[in-house]
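Read top to bottom, the protein sequences are chains S and R. So for the first sequence, the working numbering puts the first residue at 1; every next one is plus one. So for the second sequence, the working numbering puts the first residue at 1001; every next one is plus one. Inspection log for the structure reproduced underneath, given as structure tokens.
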Amino acid sequence: MSLIPKKIMLKSILKIIIIFFLTILQLSIFSKFATLGAFPNIIFILAIVLALKNRREDSFLVAVVGGLVLDLASPLRFGVYTFAILDVLLLINFVVLKYLPSPGWLFTFLIMTGSFLAIDLFISLFTLTWTGWNLFFDPVINGLWGIILSLILAKVIKTQSEIQFTSNVDI
Amino acid sequence: MFKKFRILWLALAIIILGFFLDPKGLLDPAKNGLYRAIRPFSIVGNVTANRTSIFFNELFQLGSLGKENQALIKENLDLQSQIAILKEVQHENEILKNEIGISQSIANTYQISPASIIGRASSGYIKTVVIDRGSKDGVKTGQAVIAQGYLVGVIKQVYQASAEVSLITDYNSIVPVLLQNSRGTGLLQGGLQGLTVEEIPLNITIQTGEQVVTSGLGGDIPAGIAVGKVGNVISKEGEIFQKVTVIYPIQIYYLEFVFVVNP
């Protein structure tokens, strides 16, 4: 009884450390890979991809831990990034995934692009800044990164249904 | 319900708390700690990230690059690939020496202090960087930040050991400038179309290629810091002010070191 919660706790701590490390990399390295002013937000991409892989808890963990660290380093008011990504994740989890339970690469791209468009619009409205074509270019770049990450994660992680199936077989 | 979404409730509580504590500066120690954590990664990642970034950017700009420029950059990349960790220190020193050399004229007039760029904004259209100098080093809000003798940005927020710099390429950046030959004053603005100088009076005869420097009007930005050269006049007929594009020679994304100007 005591072993399982300890394992889960250690796993969660490890996940938080990895997310924190990824956020540090996002702030120090990934932000340098700009293409015409747009660069990948690996934290948000990871959160959305995990949500699309039905890893709801992991996606929220990435969004909350990563979002809060990004907020801490952001020139915007604290909470804007986390609030934006959590809204998008709630929408994906409770609306999009009901109609598209396991989206393919094209829908992954469209959902990712749409999500980033929503996030960028939210930040644009919050800062009262119109960013012109960058508002559309940034989501497309992140959408493309989303497909790449989604294909990588498909090889690495199991979806919630696969986990369920495996555990049933074991029983 | 609460147990199922406890991480969301926790996040919401932190967001609300942080949203109100942030403007009062109560999050500054946490921000300071985070920037300290970022610093080593930033320094290690600077060379490798710059190298890769330059490579991919060149792919998009192949048409506009001259052959000589390409050959030089390739040669530079080949050389850099042979540089190990120890060489990185040497590389930093060379950049610093170069920066000090170019900024000598400014250094003679104003007190300048060097700083490393340790972080960048996590959104493509919020143009800010974080430097490793803060209030303990005498950095104050509104001070100018230069690199290679050109204005890079203005200190926006100061923490104990770091500071946030709003770049002149940011959409909300406005800096009073002067066209050096025609003596026309205007406002330098960032944005998608690149740097522009707006609100230049109509009676000014603008010369293409003339230097644009800071005018020293308002704020803590001293007069005479180079910003770039006048590109084209883009104002239309009937407008009550003139507007020009500015050719800015600095590639901010590849900067590693900057100088804070203390007027």
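Glycine included, each C-beta is placed from N, C-alpha and C at the ideal position.
Decide if residue i is buried, meaning its Cβ has at least 16 other Cβ atoms within 10 Å, or exposed.
| i | result |
| --- | --- |
| P101 (chain S) | exposed |
| E1237 (chain R) | exposed |
| M1 (chain S) | Here M1 (chain S) scores only 47 on pLDDT, less than 50, and its place in the model should not be relied on; the value that follows carries that caveat. Exposed, because fewer than 16 other Cβ atoms sit within 10 Å of the Cβ of M1 (chain S). |
| I152 (chain S) | exposed |
| K1136 (chain R) | exposed |
| R1120 (chain R) | buried |
| T23 (chain S) | buried |
| T1128 (chain R) | buried |
| M9 (chain S) | exposed |
| E1075 (chain R) | exposed |
| A1011 (chain R) | buried |
| R1183 (chain R) | exposed |
| A84 (chain S) | buried |
| F137 (chain S) | buried |
| G132 (chain S) | exposed |
| K32 (chain S) | buried |
| T82 (chain S) | buried |
What three-state label does DSSP hand residue i in the structure shown?
| i | result |
| --- | --- |
| K1140 (chain R) | coil |
| L1255 (chain R) | coil |
| I1240 (chain R) | coil |
| Q1160 (chain R) | coil |
| D120 (chain S) | helix |
| G1186 (chain R) | strand |
| P1029 (chain R) | helix |
| S1166 (chain R) | strand |
| L135 (chain S) | helix |
| L1178 (chain R) | strand |
| P1040 (chain R) | helix |
| G1216 (chain R) | coil |
| I1221 (chain R) | coil |
| L1151 (chain R) | strand |
| E1075 (chain R) | helix |
| I13 (chain S) | helix |
| S1235 (chain R) | coil |
| G146 (chain S) | helix |
| K1127 (chain R) | coil |
| S1116 (chain R) | strand |
| G1209 (chain R) | coil |
| G104 (chain S) | coil |
| N1069 (chain R) | helix |
| Q26 (chain S) | helix |
| I1200 (chain R) | strand |
| G1228 (chain R) | strand |
| S167 (chain S) | At S167 (chain S), the pLDDT of 45 sits below 50, so the modelled position is not reliable; the number obtained from the coordinates is stated separately. Residue state, collapsed to three classes: helix. |
| A1121 (chain R) | coil |
| A38 (chain S) | strand |
| N93 (chain S) | helix |
| T129 (chain S) | coil |
| I1016 (chain R) | helix |
Consider the C-beta atom of residue i and the heavy atoms of the ligand MG; say whether any pair is separated by less than 8 angstroms.
| i | result |
| --- | --- |
| N54 (chain S) | Among the ligands in the structure shown, none appear at all, so the ligand MG cannot be discussed. |
Kindly give me the distance between the Cβ atoms of residue i and residue j, rounded to whole angstroms, as I take these residues to be in contact under 8 angstroms.
| i | j | result |
| --- | --- | --- |
| I48 (chain S) | G146 (chain S) | 6 angstroms |
| V1139 (chain R) | V1260 (chain R) | 6 angstroms |
| F78 (chain S) | D71 (chain S) | 5 angstroms |
| F1019 (chain R) | S1116 (chain R) | With 8 angstroms as the limit, F1019 (chain R) and S1116 (chain R) do not qualify as a contact, their Cβ atoms being about 30 angstroms apart. |
| Y1110 (chain R) | P1263 (chain R) | 6 angstroms |
| R1039 (chain R) | I1118 (chain R) | 4 angstroms |
| L1008 (chain R) | L91 (chain S) | The Cβ separation is near 13 angstroms, so there is no contact. |
| I141 (chain S) | P40 (chain S) | 7 angstroms |
| L117 (chain S) | P103 (chain S) | With 8 angstroms as the limit, L117 (chain S) and P103 (chain S) do not qualify as a contact, their Cβ atoms being about 17 angstroms apart. |
| L68 (chain S) | D58 (chain S) | Not a contact, Cβ separation roughly 16 angstroms. |
| L1188 (chain R) | I1206 (chain R) | In fact, because the Cβ distance is near 14 angstroms, the residues do not count as touching under 8 angstroms. |
Would residue i and residue j qualify as a contact pair, given that the criterion is a beta-carbon distance under 9 angstroms?
| i | j | result |
| --- | --- | --- |
| T108 (chain S) | L76 (chain S) | no |
| V1264 (chain R) | Q1180 (chain R) | Because chain R is modelled from 1001 through 1263, residue 1264 (chain R) falls outside the range shown and cannot be assessed. |
| L1202 (chain R) | Q1242 (chain R) | yes |
| V1264 (chain R) | V1244 (chain R) | With chain R covering only 1001 through 1263, there is no way to say anything about residue 1264 (chain R). |
| L1034 (chain R) | A63 (chain S) | no |
| G1191 (chain R) | V1246 (chain R) | no |
| Q1143 (chain R) | D1028 (chain R) | no |
| T1208 (chain R) | V1233 (chain R) | yes |
| G1228 (chain R) | Q1211 (chain R) | yes |
| Y1248 (chain R) | T129 (chain S) | no |
| I1146 (chain R) | I1225 (chain R) | yes |
| G66 (chain S) | I19 (chain S) | yes |
| S1113 (chain R) | S28 (chain S) | no |
Quick check on residue i - is its C-beta less than 9 angstroms from some C-beta in chain C?
| i | result |
| --- | --- |
| I16 (chain S) | Chain labels in this structure do not include chain C; the protein chains are S and R. |
Cβ-based contacts, 7 angstroms cut-off: residues of the stretch 82-97 of chain S near chain R: T82, F83 and L86
Contacting positions in the stretch 1143-1169 of chain R - beta carbon closer than 8 angstroms to chain S: K1156, Q1157, E1164 and S1166
Residues within the stretch 53-66 of chain S neighbouring chain R, beta-carbon criterion of under 7 angstroms: F60, L61 and V64
Residues of the stretch 70-82 of chain S whose Cβ lies closer than 9 angstroms to any Cβ of chain R, in chain order: L70, D71, L72, A73, S74, P75, L76, R77, F78, G79, V80, Y81 and T82
Interface positions of the stretch 1169-1182 of chain R facing chain S (Cβ-Cβ less than 8 angstroms), listed along the chain: Y1171 and N1172
Residues in the stretch 1012-1026 of chain R having any Cβ partner in chain S nearer than 7 angstroms: I1014, I1015, G1018, F1019 and D1022
Residues in the stretch 1225-1252 of chain R having any Cβ partner in chain S nearer than 8 angstroms: none
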